[in-house]
Amino acid sequence: MPNISRDAALRIAMAARAIPDISVGQLLEIIARRIDGDLDEEALTTITVTDLKTGFGSADGEEDGEDISMGLANIKEAVRILWGEADEDNLPAIDAEAASMPDSIRVAVASNNGEILNGHFGSCLRFLVYQMNAQECHLIDVRSTVEADMAEDRNAFRANLIADCQIMYVQSIGGPAAAKVVRTGIYPIKQKESVDAREVLTRLQEVMKKSPPPWLAKILGASAEDRIRFAQEA
Numbered sequence: 004m005p006n007i008s009r010d011a012a013l014r015i016a017m018a019a020r021a022i023p024d025i026s027v028g029q030l031l032e033i034i035a036r037r038i039d040g041d042l043d044e045e046a047l048t049t050i051t052v053t054d055l056k057t058g059f060g061s062a063d064g065e066e067d068g069e070d071i072s073m074g075l076a077n078i079k080e081a082v083r084i085l086w087g088e089a090d091e092d093n094l095p096a097i098d099a100e101a102a103s104m105p106d107s108i109r110v111a112v113a114s115n116n117g118e119i120l121n122g123h124f125g126s127c128l129r130f131l132v133y134q135m136n137a138q139e140c141h142l143i144d145v146r147s148t149v150e151a152d153m154a155e156d157r158n159a160f161r162a163n164l165i166a167d168c169q170i171m172y173v174q175s176i177g178g179p180a181a182a183k184v185v186r187t188g189i190y191p192i193k194q195k196e197s198v199d200a201r202e203v204l205t206r207l208q209e210v211m212k213k214s215p216p217p218w219l220a221k222i223l224g225a226s227a228e229d230r231i232r233f234a235q236e237a
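The sequence shown begins at 4 in my numbering and counts up one residue at a time.
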């Protein structure tokens with residue numbers, strides 16, 4: 004059995020409670036089979052709904068886990084707990100009322116913890132969604148990606164999850180996934196280094212105040228003439 008941190012053990016114990024008739028030992032065994040090395044909070048974020056579904060299905064003699072008895076909703080809740088999403092203290096506070104802020108755009112940030120831009124499009128735990136203009140910036144939603152693993156097209160699911168956004172910041176994204184994001188109407192921006200989300204958005208605000216590039220001017224609703232002028236001034 005691998006070494007396990009105290010916080011990881013606590014999450015596993017709480018996750019086991021979310022699934023009927025499953026002991027902590029049974030859940031730990033399934034998780035340990037899918038993680039190489041020590042079990043800590045970071046390692047638990049790699050566990051997916053499919054991992055648990057298949058693990059429990061194999062234990063019940065159902066190879067694909069389709070007929071397991073504990074229920075998909077319970078498994079999803081267990082994964083949220085393993086990822087740390089059940090602890091709301093780890094999630095940033097939102098200002099949902101700012102969603103209707105006039106003359107603003109909506110920006111998604113791929114994140115794995117706090118208000119940090121540190122997620123890859125295909126594996127981030129959540130998207131932070133901000134409503135912003137050149138003067139204000141408000142976190143209006145935190146959207147979990149836990150259900151993406153169950154989707155037939157995971158990339159399309161993630162793109163649709165933030166389809167109301169005009170811009171998305173990620174650490175990385177593959178070509179096929181980027182194409183689906185663009186088709187959804189979202190402009191993807193890669194930020195390779197992990198950084199505070201608000202720091203990146205502050206830089207975006209500065210660009211919005213001055214001479215935005217044509218792609219941003221279009222998102223902001225600038226006329227064709229203004230977009231040409233911005234391009235000439237850049």
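Virtual Cβ for every residue (Gly too), placed ideally from N, Cα, C.
{"Query": "Within a Cβ cutoff of 7 Å, which residues of the same chain sit near residue 134, ignoring the five residues on either side of it in sequence?", "Result": "101, 102, 104, 107, 109, 141 and 143"}
{"Query": "Counting Cβ pairs closer than 8 Å, one from the segment 75–91 and one from the segment 49–61, do we hit at least three?", "Result": "yes"}
{"Query": "So residue 179 is in the beta strand (DSSP E); what residue range does that whole segment cover?", "Result": "Element bounds for residue 179: not the beta strand (DSSP E) but the alpha helix (DSSP H), 178–186."}
{"Query": "Counting only the same chain and skipping the five closest in sequence on each side, list residues whose C-beta sits under 8 Å from that of residue 224.", "Result": "none"}
{"Query": "Specify the secondary structure class of residue 131 as computed by DSSP and reduced to three states.", "Result": "strand"}
{"Query": "Only counting the same chain, and skipping five residues up and downstream in sequence, which positions put a Cβ closer than 8 Å to that of residue 155?", "Result": "none"}
{"Query": "Suppose you measure from the CA of residue 189 to the CA of residue 26; what does that come to, to the nearest Å?", "Result": "43 Å"}
{"Query": "Fully enclosed by the segment 115–160, which beta strand (DSSP E) runs are 3 residues long or longer?", "Result": "129–135 and 140–147"}
{"Query": "Since residue 104 is in the alpha helix (DSSP H), which residue starts that stretch and which ends it?", "Result": "No alpha helix (DSSP H) holds residue 104; DSSP gives it neither H nor E."}
{"Query": "Indicate the three-state DSSP secondary structure (helix, strand or coil) for residue 33 in the structure shown.", "Result": "helix"}
{"Query": "From 118, 38, 17 and 20, pick the residue whose C-alpha is nearest to that of residue 200; which is it?", "Result": "118"}
{"Query": "Are the CB atoms of residue 169 and residue 222 nearer to each other than 9 Å?", "Result": "yes"}
{"Query": "Under the three-state reduction of DSSP, which class applies to residue 213: helix, strand or coil?", "Result": "coil"}
{"Query": "Are residue 48 and residue 128 touching if we call contact CB-CB under 9 Å?", "Result": "yes"}
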